[in-house]
Amino acid sequence: MRRVVAVLLVSMLAVSFSVVGESGVNESTSVEGTEIAYINHASLVQGGGVYDMYVTVNPGSNVTSVQWITQICINTGVCYPPEMNDMVPVDNDSYTATVDVNETASYINWKYILHSEDGSEASVPDTGFGWKVWSD
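In terms of this note's numbering, the sequence shown opens at residue -9 and continues consecutively.
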């Protein structure tokens, strides 16, 4: 009986550790109905490198600034607390930002906060993270 329990325990642990090391499927949220017109980013996160983000808002929108909220998760399944990154304006409608990526990163999650002239802000998506890109 002890051997059966031991074998089952070892099998369960082996499955758990193999899942942690696997990469997943990238995810993205539709920006339809938001002030975001276009998003450009790499389809792969490079551990130990940087990750660049470019966002273009609709021309004539009231968006005055964009914050990029990122969360990096590492190979052990641990996710660091979200970080707020102020995007730098490139022109009236485009913004860019870069984050450093941990050497052991598995993936990065993110969302945006759009700030408007009247002081209001909109989260894209409304709740949670809308995007996830996995490492190599």
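Virtual Cβ for every residue (Gly too), placed ideally from N, Cα, C. Since the structure is predicted, the reported quantities are computational estimates derived from the model, not experimental observations.
{"Query": "Rounded straight-line distance, which links the Cα of residue 118 to that of residue 14", "Result": "18 Å"}
{"Query": "For residue 34: DSSP bridge partner residues", "Result": "Residue 34 pairs with nothing; no bridge assigned."}
{"Query": "Three-state secondary structure (DSSP) of residue 17", "Result": "strand"}
{"Query": "At least 3 beta-carbon pairs within less than 8 Å: the region 90 to 101 vs the region 31 to 46", "Result": "yes"}
{"Query": "Rounded separation between residue 63 and residue 110 - CA only", "Result": "30 Å"}
{"Query": "The region 24 to 33 contacting the region 66 to 78, beta-carbon criterion three pairs below 8 Å", "Result": "no"}
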